[in-house]
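Notes for the one structure printed next.
Residue numbers (the numbering used here): 1 to 72.
Next up, the structure:
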């Protein structure tokens, strides 16, 4: 049940092909507990770990903010 709700959260974030989003899992149990593997296997995208908050925020911003906007 918890894994289904976890996965549904991703579906609510990305609804269209053009949508982009970042999910931050700050709970270390996803890595430290036996059941964490089940959560990781059910992720719809690649899991990326960052050593510190500053790197996480910089990478999230780089992913979410387009570098080059089209000029119309």
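For glycine and all other residues, C-beta sits at the position ideal for the given N, C-alpha and C. Just so it is clear, the structure is predicted and the values come from calculations on it, not from any experiment.
Nearest residue (CA-CA) to residue i, options the options
i	options	result
residue 6	63, 35, 53 and 60	35
residue 20	10, 28 and 27	10
residue 8	53, 18 and 23	23
residue 26	13, 47 and 1	47
residue 49	2, 31 and 13	31
residue 28	45, 65, 51 and 1	51
residue 1	53, 42 and 16	42
Exposure label - residue i; buried when at least 16 CB within 10 Å
i	result
residue 63	exposed
Cβ separation of residue i and residue j, assumed to be a contact under 8 angstroms, to the nearest whole Å
i	j	result
residue 38	residue 3	6 angstroms
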